[in-house]
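First comes the structure, then the notes that go with it.
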Amino acid sequence: MTAADLAPEPDGLRDTGLDEATLRRWLARTWARPRGLVGSLSTVDHKVVARRYLVTAFVFLALGGLNAILMRLQLSGPERSLIGPDLYNQLFTMHGVTMMFLFAVPVMQASGIFLVPLMVGTRNIAFPRLNAFSYWIYLSGGIFAWTSFVLNMGPDVGWFAYVPLSGPEFAPGKRADVWAQMITYTEVSSLAVAVATIVTIFKQRAPGMSLDRIPLFVWAMLVTSFVIIFAMPAVMIASTFLILDRLVGTHIFNPAEGGDALLFQHLFWFFGHPEVYIIFLPATGMVSSIIAAFARRPVFGYLALVLSLIAVGFLSFGLWVHHMFATGLPKLGASFFTASSMLIAIPNGLQIFCWLATLWGGRPTIRTPLLFVLGFFFIFVAGCLTGVMLASVPLDLQAHDTYFVVAHFHYVLIGGAVFPLLGAAYFWFPKITGRMMSERLGRWHFWLAFVGFNAAFFPMHIVGLWGMPRRVYTYPVQMGWGPINLFISLGALVLFASFVLFAVNLVRSCSRGEPAGDNPWDAGTLEWATSSPPPSYNFSRIPVVTHAEPLWAERESMPVAEGLRVGVRELLVSTVAEARPDLRETSAGTSIWPLLAALAVGGTFLGSIFTPWAVVWGALPITVALIGWFWPKGEPEDES
Amino acid sequence: MRPSRGFAAALFLPAFLAGCSGWQSALDPKGPAAEELARLIWFFTLLSVAVWLLVMIVLSIAILRRRRQHSDPLAVDARGDRIARRVVSVAVGATGVVLVGLTLLSFFANRTLAGIGTQAAVTIRVTGHQWWWEVRYEDERPARVVTSANEIHVPAGEPVELVLSSTDVIHSLWVPNLAGKLDLIPGRENVLRFVAAEPGTYRGQCAEFCGAQHAHMALVVVAEPRPAFEAWLDRELRPAHPPPPGVPMAGQDVFLGRGCMMCHRIRGTLAGGTTGPDLTHLASRSTLGAGTLEMSRGNLAAWIADPHGIKPGVHMPVMGLGGDELNQVVAYLERLE
Amino acid sequence: MSAAVRLAVLATLVLLGGCDREQRDPRPNARRDTDEQAVAVTTLEPGGERPSPSDPKAQHFADNAYQMSEGKRLYSWFNCSGCHANGGGGMGPALIDDKWIYGASVESVHATIRDGRPNGMPSFGNKVPDDQIWQLAAYVRSMAGLASSAASPGRNDDMMARPSENRPGAASEGKSP
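Protein chains in written order, with the working numbering: chain A, 671 to 1310; chain B, 39 to 375; chain C, 95 to 271.
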């Protein structure tokens, strides 16, 4: 690598004509991950950021699970005095907030951050520094929420914090402010990743990967990202209004001065319903990928599945009032939401039927990832059906705010998102780390999780219809709910044990797992075309795609595109529909500014729960960080 | 090997059936509204179980069936796919038809429920407070308006209208044996109409998280035949009996002198506080502390001595009464029938 | 590294203030009465000020968010507005200003409410339990801006008669903190 190598090309050496070894040396140097503490804090490699997200999200899963175990210990018998009401209220709020905002959405987005650039055949995610920034903001938000909980300042008003309970009069102290600001951290993080994901999917696909050749997981992440962009602003508005009411003395939710307590519910649930689809849709993508690989055939009904994803994305915005059926809204309006809530079962059902058809037509090999997908069917379909029950206004008036609803949403969230996620973990662990997870431990994990989950959550349907409301820290002896609650608590312990086993499997497999090759499952999508784990530059040459399952279509050798520079971080931008190669685009390199910007923004958010002046003073370090981030680097403009 | 469904059913069935006759159970309806809802619950449940079983059977067959081996994953069976397309289309169509049917069913159930309880015989205004229910029996004649707490008496077999509101946070009134729930929202009034078909006592509970003692905010609905209801209302309208001399009279002095009257009202005495529950006929109620304790001498003493030991965070403070004062005031209060 | 450690320790200490401020104890010290501790009306004396004795119960209440919000509820329940309006005063003196006739410490305010004062302040010691008087005293101080703004109550869900207690007081209105 001397100056002479660089001399021939006017704008730098291209990869045309280079042999593989030289090419890899150049790329490894250009795309090198920086070393040292500062280096690791400045990396913008999407795979490193995604791994951090995944590890952090699983830590929050464990913490949220501990919350749940403590709750279940308190509820294991009537009138137990293990945990008092104040701590219990903080526990169930932290459980909901941790699972929904700090685990479920980030882990799904993180899977996208890792897999989408690999699946579309590009070198890095779009806006890599924004991606890194989103992780630091997410981490700050999580640390903020949990530190507050440790300091007795954890929110205790429920994960959806209805006013007036979370308002200035009835929620003394800073607890509800912590809730409102933690939402701001995580929503900024999600929006950033959503934007980066959409641009990656639309503009950075490998040549030939037209819209009808995009893997279903990538479609799912695309639809999810659009849903995030349209839904998150509603909750940011709700939480901002709440903070304004609490700190500044506005009257947005104060009926006595012209405000409305129900406005908060509308704003929150306008986000809250799409939120659960934000969690569920990526899981459908995971299911599609796993079924295709294990049924040994492309998924049946590609077009139908894509249209279902888009339909669910749209329809999810029309359901929110089904969370408010008991508030006394006019019955005719509420019935409209019954119709729309039932309607969304059609595209969901179509997805299920297409997957069943795939399994029917293929020849499934039962391995741990597929076991979890089968568990998904068992549990999620049940959850879907209880959802149809709850969609009916009159039925919901008996079941709303009881353990029946708790059972329903755990069935759809754990069955519909966590089980596919666990299957995806076994499926893609080899790609991320280069080693296989233990199949034996995996089967034990699955059965413990399956039995524990059903034992814990199925009886909740029953006890909810027997009259047990949600969010109670204890219940009277004479109600007769004791035995069934004891059974539920034992099931919860088994479920928790399954997660411990999963953690053991993860840690052991990191160091002692069987080395995986590039494509241990013989799957068809592009992420399996590179080594496990992928090099920092993902692909030595950008592949050219001729089929929706490129690795199955081109078994002998993969056609590739040439012409990208090797001395500069460069990737290929293609057109939106046909993915014809369009531009060469530089990709941002290592930078410490995302971390500094996240510290500035995070500090401003933290200060603003104590005084509105924090927003004013915080704007200064934010400005400095953004100036540093965007300082022009003086590189020549790219040519086509 | 999946756990057999028969095993699961055998495990859950006895537990499931035990709740069928239950206090505060939605599956034990005692009024036309709750009956309609219970029918709906059963219908939806059975339909859901049938659909779920169908999907599981198809899944099991899909996994277990024998088929020809193809080494090339892209070699798809065109005929098989065509059949699959038809089957999936039929399945989606059937799903749509079923869902439309369920939507219509739900819509008509809504209409049935809206027709129950119109032309109310009794109007009762229920106001939610943090962790107790204020109950006011309305009447056009102001002299027949009376306020009580935590227990709602209604005439059996007649339509009743509850006007719901709240003074602080959002609560939700839910008496599953009688009707679906409805929220009590500050700044709004919601109306819940129902009919208690048979005389009886029905327990309800707050069903919207309302703070520290949401778990202990229960209420009791007592349905009585019309003559008994009228007799009860007449008794309720009377002011409190003057206490006999001795310990109960001393108890009244403690009540008035030691601060209880700052929050509570006992009609017929000087105590006129409105921030806490009305105690004029306290001893005629079956529970204490919004359904937390049964009404009894010992529970009354325990509650007054330390309400936070039973319901921590409740707005009633520890009054700090000495042993004699406590005895006296309990002797006074248990006579307030 | 040691600079980062020091910063972390400092931040932890600052945040640890959250522990006590957010504690929610419904009956912090339910003894029958406070010890009859002499509470000075004024601390001035010839030769300089003498320190005002502090009651050990006071720390549970002053600057505790839950206790002050309970005090705010009791202020309205026990109709303190009857004489003091919403803090602006009427028959009784204003509570939101910085003029304290009998002392501004939480012990002094507690003694005022419990024992009454000349010129019309009734004694509530017999009617209101001691813990509740402490709650009221803590709240009254926050009305004058003497309690930390992180713990002071916000506005009521009611019609507003004055700015809420967690806003900066009149003395610092318009100035940056």
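In this text, a Cβ means the ideal position worked out from N, Cα and C, and glycines have one as well.
A quick note: this is a predicted structure, and the numbers were derived from the prediction, not measured.
I want to verify the contact list: residues of chain C whose CB lies under 8 Å from the CB of B:R296, in sequence order.
Here the neighbours are N220, K221.
Going by C-alpha to C-alpha distance, which of A:W1098, A:D1192, A:I1158 sits closest to A:T1035?
A:D1192
Should A:M1012 be flagged as near chain B, meaning a C-beta pair shorter than 7 Å?
Yes, its Cβ sits closer than 7 Å to a Cβ of chain B.
Going residue by residue through the segment 1123-1209 of chain A, where are the continuous alpha helix (DSSP H) segments of at least 4 residues, counting only ones entirely within it?
1152-1182
Going along chain C, which residues have a C-beta under 7 Å from B:M287?
None at all; the shortest Cβ gap to chain C is about 19 Å.
Using the beta-carbon of each residue, which ones in chain A are nearer than 8 Å to B:E246?
Y832, A996, D1071
With DSSP run on the structure shown, which of helix, strand or coil describes A:S1005?
helix
Start-to-end residues for the alpha helix (DSSP H) that takes in A:C1054:
It spans 1038-1061 - the alpha helix (DSSP H) in which A:C1054 sits, taken as one unbroken run.
Could you pull the DSSP bridge partners for B:W171 from this structure?
B:G166
By the criterion of Cβ-Cβ separation under 8 Å, what are the contact partners of C:G239 in chain A?
Simply none; closest approach about 14 Å.
If you drop the 5 nearest sequence neighbours on each side, which residues of the same chain put their C-beta closer than 8 Å to that of A:S1179?
F1099, T1103, R1105, M1106, M1107, S1108
I'd like to check one pair, C:L138 with C:L230: are the Cβ atoms closer than 7 Å?
no
Is the separation between the beta-carbon of B:R303 and that of B:P277 shorter than 7 Å?
The Cβ atoms of B:R303 and B:P277 lie no closer than 7 Å to each other.
Continuous alpha helix (DSSP H) stretch holding B:F232: start and end:
Going by DSSP, B:F232 is part of no alpha helix (DSSP H) but of the beta strand (DSSP E) stretching over 228-233.
Kindly indicate which three-state DSSP category B:H209 falls into: helix, strand or coil?
Correct three-state label for B:H209: strand.
Count Cβ pairs between the segment 935-943 of chain A and the segment 898-908 of chain A that sit closer than 8 Å; are there 3 or more?
yes
When the Cβ atoms of the segment 831-850 of chain A are set against those of the segment 884-898 of chain A, are three or more pairs found closer than 8 Å?
When C-beta atoms of the segment 831-850 of chain A are compared with those of the segment 884-898 of chain A, fewer than three pairs fall below 8 Å, so the two segments do not count as touching.
DSSP bridge partner residues for B:W238 (one or two, in chain order)
Looking at the sequence itself, residue 238 of chain B is Gly, so the reference to Trp does not match. Answer is B:A261, bridged to B:G238.
Comparing the C-beta of B:D272 with each C-beta of chain A, is any distance below 7 Å?
no
Would you mind reading off the limits of the alpha helix (DSSP H) that contains A:E927?
Neither: A:E927 is in no alpha helix (DSSP H) and is coded neither H nor E.
Starting from the C-beta of A:V833, find all residues in its chain whose C-beta is less than 6 Å away, skip the five residues before and the five after it, and write them out in chain order.
F923, A931, F934
For B:P350, which residues in chain C fall below 7 Å Cβ to Cβ?
P120
Could you check the C-alpha separation between A:S712 and A:A1258 for me, to the nearest Å?
11 Å
Looking at the structure shown, is C:D191 part of a helix, part of a strand, or coil, going by DSSP?
Residue state, collapsed to three classes: coil.
7 Å Cβ cutoff met for A:G828 and A:T763
yes
Determine whether the beta carbon atoms of A:Y805 and A:R722 lie at a separation below 7 Å.
yes
Can you pull out the residues from the segment 744-766 of chain A whose beta carbon lies closer than 9 Å to at least one beta carbon of chain C?
D756
Say whether the segment 1002-1022 of chain A touches the segment 984-993 of chain A, bearing in mind that this needs 3 or more beta-carbon pairs closer than 8 Å, one atom from each stretch.
yes
Among A:L1118, A:A1247, A:L1055, nearest to B:I79 - alpha-carbon criterion
Nearest C-alpha to B:I79: A:L1055.
Which of helix, strand or coil does DSSP assign to B:A187?
strand
Element boundaries [beta strand (DSSP E), containing B:T156]
Element bounds for B:T156: n/a, residue is neither H nor E.
Can you tell me whether DSSP reads C:Q117 as helix, strand or coil?
Collapsing the DSSP output to three states places C:Q117 in coil.
With 16 other Cβ atoms within 10 Å as the buried cut-off, status of B:A132:
exposed
So, are the CB atoms of A:A850 and A:L912 less than 7 Å apart?
yes
Does A:V777 come out as helix, strand or coil in the three-state DSSP assignment?
DSSP places A:V777 in the helix class (H, G or I) of the three-state scheme.
Taking only beta-carbon positions, decide if A:M1059 is within less than 7 Å of chain B.
yes
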